[in-house]
Amino acid sequence: MSKFLDLFQGKKSGTPPVWFMRQAGRSLPEYREVRKQCGNFLDLCYTPALAAKVTLQPIERFNLDAAILFSDILLIPQALGQRVWFQEGEGPHLEPISLPSFEKTLSFSKFLENLFPVYEAISLVKKNPIPLIGFAGAPWTLALYMLQGEGSRDFAEAKQLAFQNEEAFSRLLAYLGEAISLHLIEQAKAGVNVVQLFDTWAGLCPATHFERWILEPTQAIIKAVRQVYPTLPVIGFPRGLGLNLVEYGRKLPLSALSLDSSVPISLLNKELPDSLIFQGNLDPSLLVAGGEPLKQGIMEIHRDMKGRPYIFNLGHGVFPQTPISHIESCLEWVRGLGDKR
Ligand code: CP3
6 MSKFLDLFQG KKSGTPPVWF MRQAGRSLPE YREVRKQCGN FLDLCYTPAL
56 AAKVTLQPIE RFNLDAAILF SDILLIPQAL GQRVWFQEGE GPHLEPISLP
106 SFEKTLSFSK FLENLFPVYE AISLVKKNPI PLIGFAGAPW TLALYMLQGE
156 GSRDFAEAKQ LAFQNEEAFS RLLAYLGEAI SLHLIEQAKA GVNVVQLFDT
206 WAGLCPATHF ERWILEPTQA IIKAVRQVYP TLPVIGFPRG LGLNLVEYGR
256 KLPLSALSLD SSVPISLLNK ELPDSLIFQG NLDPSLLVAG GEPLKQGIME
306 IHRDMKGRPY IFNLGHGVFP QTPISHIESC LEWVRGLGDK R
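Sequential numbering from 6 applies to the sequence shown in my numbering.
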């Protein structure tokens with residue numbers, strides 16, 4: 006009996022299921038406590054008992070409708086042999102791979118073995134009945150981090166390299182696609198109920214290269230995963246994609262499309278089939294602001310989603326400074342939404 010999983014079976018009842026991107030970690034004091042004990046963020050990801058504990062913390066506190074595995078999209082480059090580290094207060098760092106010779110640095114030989122603790126964490130979480138979302142970064146977003154070596158506003162160096170050697174860049178995307186597919190399949194084997202593909206930097210892909218660099222590599226992943234798990238629900242989150250969101254939603258066999266806060270739901274409604282589940286798209290800053298603006302934001306999303314199955318979520322991750330009481334009010338309001346709009 007799960008509102009969240011029922012939706013993927015085509016059953017819709019009452020108010021929408023709700024979870025928040027980046028709900029595990031960052032904003033919770035109980036997370037910071039575990040993090041302090043553990044020291045390093047990556048050690049936390051690779052310690053199954055702790056990763057499972059942190060995954061369940063937001064469920065215990067807020068009674069959300071789904072858990073998302075505590076992990077990170079950069080575990081894939083690390084498991085392929087790239088050096089990845091997190092500097093306190095600075096975000097991720099990677100030793101940049103080179104194009105065209107990335108195969109010299111990366112290897113599949115210990116890939117699944119390196120990620121084994123992730124699957125172990127999933128098995129531990131699955132001792133609880135809460136639906137569990139597994140995830141991976143999409144090839145485009147992962148490739149940007151792997152070439153740039155750190156987070157960036159524009160990933161200018163990574164994109165320059167991609168344009169200068171398109172053939173090698175396409176090979177890198179295909180290589181990552183294989184790794185991502187394997188990782189998602191193993192997550193499903195370990196027990197995740199749904200998977201989400203995070204294409205956080207989709208908005209940085211030029212429209213001219215959207216098919217080559219985003220659509221086709223993502224299509225290949227869904228195909229590979231569904232060959233093994235034909236009914237596994239897949240959520241796509243191509244943040245900032247703009248008008249190409251329509252193409253992304255039409256061409257990919259997605260179960261749900263996660264929308265960032267810039268997407269006008271009422272316009273997109275007309276372009277995509279009524280059966281496609283939408284997820285989103287409250288501005289995370291509204292959750293920080295709280296009060297009447299938050300309430301209005303929730304009501305507007307609910308009104309615009311009318312007639313469509315949807316999962317209430319944010320347009321991007323929870324900000325660390327989000328007051329717990331605002332998350333509580335948000336849930337109260339979402340769960341009090343009637344069918345009158
Ligand atoms: O959603 C969840 O709560 C589950 C866990 C999760 C994390 N990262 C934990 C994390 C998920 C789904 C991610 C995905 C992720 N990681 C993305 C895509 C989604 C998005 O938000 O855009 C990206 C781009 C990354 C890469 C990454 N990891 C960055 C840029 C950073 C630093 C900035 C930040 O977000 O805090 C991380 C670190 C990270 N990943 C933390 C957590 C809880 C913070 C680590 C800490 O405790 O210091």
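Glycine included, every Cβ here is placed at the ideal spot set by N, Cα and C.
Residues bridged to residue i [DSSP beta-bridge criterion]
| i | result |
| --- | --- |
| valine 89 | Leu99 |
| isoleucine 73 | Ile138 |
| serine 263 | Gln284 |
| proline 243 | Asp204 |
| glutamate 118 | Paired residues: none, contrary to the question. |
| glutamate 5 | The question about residue 5 has no answer here: the residues shown for the chain are numbered 6 through 346. |
Three-way DSSP call (helix, strand, coil) for residue i in this model
| i | result |
| --- | --- |
| tyrosine 315 | strand |
| valine 200 | strand |
| proline 269 | coil |
| isoleucine 329 | helix |
| isoleucine 78 | coil |
| glycine 302 | helix |
| glycine 341 | coil |
| valine 23 | strand |
| histidine 188 | helix |
| tyrosine 124 | helix |
| serine 32 | coil |
| arginine 166 | For the sequence presented, residue 166 should be read as leucine rather than arginine. Helix at leucine 166. |
| glycine 296 | helix |
| leucine 386 | The chain is shown from 6 up to 346; residue 386 falls before or after that span and cannot be answered. |
| aspartate 279 | coil |
| cysteine 210 | coil |
| proline 105 | coil |
| leucine 237 | coil |
| tyrosine 180 | helix |
| histidine 321 | coil |
| alanine 1 | With the chain covering 6 to 346 only, the question about residue 1 has no answer from this structure. |
| asparagine 68 | coil |
| lysine 132 | coil |
| serine 112 | coil |
| alanine 229 | helix |
| leucine 257 | coil |
| asparagine 274 | helix |
| alanine 1 | Summary: the structure shown does not reach residue 1, with the chain confined to residues 6 through 346, and so no result is reported for it. |
| lysine 16 | coil |
| threonine 60 | helix |
| phenylalanine 160 | coil |
Supposed contact pair residue j and residue i - C-beta distance, whole angstroms, cut 8 Å
| i | j | result |
| --- | --- | --- |
| isoleucine 78 | glutamine 28 | Their Cβ separation, rounded to whole angstroms, is 16 Å, which puts isoleucine 78 and glutamine 28 out of contact at 8 Å. |
| tryptophan 3 | leucine 178 | In this structure the chain extends from 6 to 346, so residue 3 is not present and cannot be described. |
| isoleucine 270 | asparagine 286 | 7 Å |
| proline 314 | leucine 12 | 5 Å |
| alanine 143 | aspartate 204 | 4 Å |
| glycine 86 | serine 112 | 5 Å |
| isoleucine 226 | leucine 202 | 7 Å |
| proline 136 | alanine 71 | 5 Å |
| proline 21 | phenylalanine 324 | Actually they are not in contact, since the Cβ atoms of proline 21 and phenylalanine 324 sit about 22 Å apart, beyond 8 Å. |
| serine 32 | threonine 223 | With a Cβ gap of about 29 Å, serine 32 and threonine 223 do not count as contacting. |
| proline 122 | leucine 99 | Actually they do not touch by this definition, with Cβ atoms about 20 Å apart. |
| phenylalanine 215 | asparagine 249 | 5 Å |
With 16 other Cβ atoms within 10 Å as the buried cut-off, status of residue i
| i | result |
| --- | --- |
| isoleucine 102 | buried |
| leucine 264 | buried |
| alanine 184 | buried |
| serine 128 | exposed |
| arginine 158 | exposed |
| glutamate 191 | buried |
| alanine 212 | exposed |
| arginine 244 | buried |
| leucine 299 | buried |
| alanine 126 | buried |
| alanine 62 | Checking the sequence shown, residue 62 turns out to be glutamine, not alanine. Glutamine 62 is buried by the Cβ-count criterion. |
| leucine 272 | exposed |
| alanine 161 | exposed |
| glycine 312 | exposed |
| asparagine 45 | exposed |
| alanine 193 | buried |
| methionine 6 | exposed |
| proline 34 | exposed |
| phenylalanine 168 | exposed |
| glycine 332 | In the sequence under discussion, the amino acid at residue 332 is isoleucine, which differs from the glycine named in the question. Buried is the call here. |
| glutamine 284 | buried |
Any non-hydrogen atom of ligand 2 within 6 Å of residue i CB
| i | result |
| --- | --- |
| alanine 212 | Inclusion of ligand 2 in the displayed structure is not the case, the ligand content consisting of ligand 1 alone. |
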